[in-house]
Amino acid sequence: KDKSASELREELNRVNSENKKIKEMLATVYENYYALHHHLE
Amino acid sequence: ISLNLNTNPFDRSFPAKLPKEEIKVSTSAGVERKWLVKDKSASELREELNRVNSENKKIKEMLATVYENYYALHHHLEKLQSRKSPEIDHIEQPMKKTKQDPEEFLGFPNGLSSGKTENSSSNQSHHYQQQHEQKNQLLSCKRPVTDSFNKARVSTVYVPADSSDTSLTVKDGYQWRKYGQKVTRDNPSPRAYFRCSFAPSCPVKKKVQRSAEDPSILVATYEGTHNHLGPNASAGDATSQAGSSTVTLDMVHGGQKLGLETNERRTMQEVLVQQMASSLTNDSNFTAALATAITGRLLMEQSRT
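As they're listed, the protein sequences go chains A and B.
Note that this note's numbering numbers the first sequence so that position 21 is 575, with each residue one more than the last.
Note that this note's numbering numbers the second sequence so that position 289 is 877, with each residue one more than the last.
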């Protein structure tokens, strides 16, 4: 709660970067999962 | 003139998210107003941070779910590929189950949210794991793997056969020794009993009988688990019988063909899985969130609805 605006921005930037990374991973895993499921069918 | 103190090196990354008030305020404003603006921007940043953190948590849960399902499916595929024989193409229940399970998995393509509405409990993770184990057991039913299931695991395989062939042999790559035959009440065709040629060290037994409903189908019932190398390993075994060797080699070639078709994809997927696993394990926060997400996924979904 005592974080300054710059610290908050820094934290926000870090979480945003993490989100972006996770979304990319999610897209990759889901794509592979779907391909695998299609292959099994 | 902007009041932006430019103390944040990440400002350029978020030009659209910077509070407009902070930019519009002129230098003629007093220090008090300046601090007021700064407080307001911090407040907005906190809200934004909360929102992004919430999103972060949500997509971590999604990733955990998708990754878990993907891993389970990949595991199933490996088992199928390592055990499926082109000659033995009718499996009683397990293959039907295989078709059904992915449909359950694919309940969450829209919005990447799992559509599962299973009952939640304090040990959902255990319940979920149990489901996967049951699926794996069903899929591996044709060839039991572990010795612990030796006695309990019985599988049935249907094999097309020439109706003129009365030998009651099912060429599955293993060598068998026939030790009995009897006529059963419900079937005009006799039932033949086989032991694995490695008996008594190998406990596997096999019963073969023509189907009463369709005499063109041989029904082979396997009991137990082979405790020695399987058909693939015996392919190059010079001591194999001629008939069995031929069939075994065909099976191996079939398996290689199947493997080649998916080899590239599997390699890519394995690399991706390794990369993901590496990323996940390097991030302690994510690891903790992953564990939480897996154990509490269903509960959270229910609470959201």
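Ideal Cβ placement from N, Cα and C applies to all residues, glycine included.
None of the values given here were measured: they were computed from a predicted structure.
Problem - Stretch pair the segment 762 to 773 of chain B + the segment 783 to 799 of chain B: three plus CB contacts closer than 8 angstroms - result: Touching, yes.
Exercise for the section: Decide if residue 721(B) is buried, meaning its Cβ has at least 16 other Cβ atoms within 10 Å, or exposed. Expected result: Note that residue 721(B) scores 44 on pLDDT, short of 50, meaning its location in the model is unreliable; the coordinates nonetheless yield the value given after this. Burial call: exposed.
Problem - Close Cβ partners of residue 637(B) (< 8 angstroms) along its chain, the five nearest in sequence each way excluded - result: Answer for residue 637(B): no residue qualifies.
Practice task
Would you mind stating whether residue 808(B) and residue 758(B) have Cβ atoms separated by less than 8 angstroms?
Solution key: With respect to the 8 angstroms criterion, residue 808(B) and residue 758(B) are classified as neighbours on the basis of their beta carbons.
Exercise for the section: Can you give me the start and stop residues for the beta strand (DSSP E) that residue 781(B) sits inside? Expected result: DSSP places residue 781(B) inside the beta strand (DSSP E), whose first and last residues are 778 to 784.
Handout entry: Counterpart residues of residue 811(B) in DSSP-defined beta bridges
Key = Looking at the DSSP assignment, residue 811(B) forms a beta bridge with 742(B) and 793(B).
Problem - Simplified DSSP assignment, three categories, for residue 769(B) - result: Secondary structure at residue 769(B): strand, using DSSP grouped into helix, strand and coil.
Practice task
Go ahead and pull the three-state DSSP assignment for residue 756(B).
Solution key: Of the three classes helix, strand and coil, the one that applies to residue 756(B) here is coil, per DSSP.
Handout entry: Contacts that residue 637(B) makes with chain A (C-beta to C-beta distance below 8 angstroms)
Key = Simply 562, 565, 566 and 569.
Practice task
Answer yes or no: does any C-beta atom of chain A fall closer than 8 angstroms to that of residue 629(B)?
Solution key: Residue-level contact by beta carbon holds for residue 629(B) and chain A, with a gap shorter than 8 angstroms.
Handout entry: Counted within 10 angstroms of its Cβ, other Cβ atoms place residue 581(A) as buried (16 or more) or exposed
Key = Counting Cβ neighbours within 10 Å, residue 581(A) comes out exposed, since fewer than 16 surround it.
Practice task
Show which residues of chain A have a CB atom less than 7 angstroms away from the CB atom of residue 647(B).
Solution key: Neighbours of residue 647(B) on chain A, chain order: 573, 576, 577 and 580.
Handout entry: residue 595(A) to residue 802(B) span [Cα, whole Å]
Key = Using only the alpha carbons, I get a separation of about 27 angstroms.
Handout entry: Local Cβ density within 10 Å of residue 642(B), reported as buried at 16 or more and exposed below that
Key = Exposed: under 16 other Cβ atoms inside 10 Å.
Exercise for the section: Please name the residue or residues paired with residue 747(B) in a DSSP beta bridge. Expected result: 806(B), per the DSSP bridge assignment.
Practice task
Check the Cβ-Cβ distances between residue 640(B) and every residue of chain A, and say whether any is below 8 angstroms.
Solution key: Output row for residue 640(B): interface = yes.
Practice task
Return no unless some Cβ of chain A is closer than 8 angstroms to the Cβ of residue 747(B).
Solution key: Nearest CB-CB separation between residue 747(B) and chain A: not below the 8 angstroms threshold.
Exercise for the section: Compute the Euclidean distance between the alpha carbons of residue 574(A) and residue 648(B), then round it to the nearest angstrom. Expected result: The straight-line gap from Cα to Cα measures roughly 11 angstroms.
Exercise for the section: Could you tell me whether any Cβ in chain A is nearer than 8 angstroms to the Cβ of residue 662(B)? Expected result: Interface flag for residue 662(B) against chain A is set, since a Cβ pair is found closer than 8 angstroms.
Exercise for the section: Measure the C-alpha to C-alpha separation of residue 577(A) and residue 743(B) and round it to an integer number of angstroms. Expected result: Taken atom to atom, the span from the alpha-carbon of residue 577(A) to that of residue 743(B) is near 42 angstroms.
Problem - alpha helix (DSSP H) segment containing residue 581(A), residue limits - result: Counting along the chain, the alpha helix (DSSP H) containing residue 581(A) begins and ends at 559 to 594.
Problem - Closer than 8 angstroms to chain A by CB, residue 617(B) - result: Residue placement at residue 617(B) is flagged as unreliable, the pLDDT there being 47, under the threshold of 50; the coordinate-derived value follows with that caveat. Closer than 8 angstroms: no.
Exercise for the section: Check each candidate in 810(B), 646(B) and 768(B) and name the one with the smallest Cα separation from residue 747(B). Expected result: Nearest option by C-alpha distance: 810(B).
Exercise for the section: Counting only the same chain and skipping the five closest in sequence on each side, list residues whose C-beta sits under 8 angstroms from that of residue 565(A). Expected result: Around residue 565(A): 557.
Handout entry: Inter-residue Cα distance where the pair is residue 780(B) and residue 791(B)
Key = Approximately 17 angstroms between the Cα atoms of the pair.
Practice task
Starting from the C-beta of residue 754(B), find all residues in its chain whose C-beta is less than 7 angstroms away, skip the five residues before and the five after it, and write them out in chain order.
Solution key: Here the set comprises nothing.
Problem - Chain-ordered neighbours of residue 655(B) on chain A, where CB pairs are closer than 7 angstroms - result: Result: 583.
Exercise for the section: Since I believe residue 644(B) is in contact with residue 561(A) (beta carbons under 8 angstroms), could you give me their beta-carbon distance rounded to a whole number of angstroms? Expected result: About 18 angstroms; that fails the 8 angstroms criterion.
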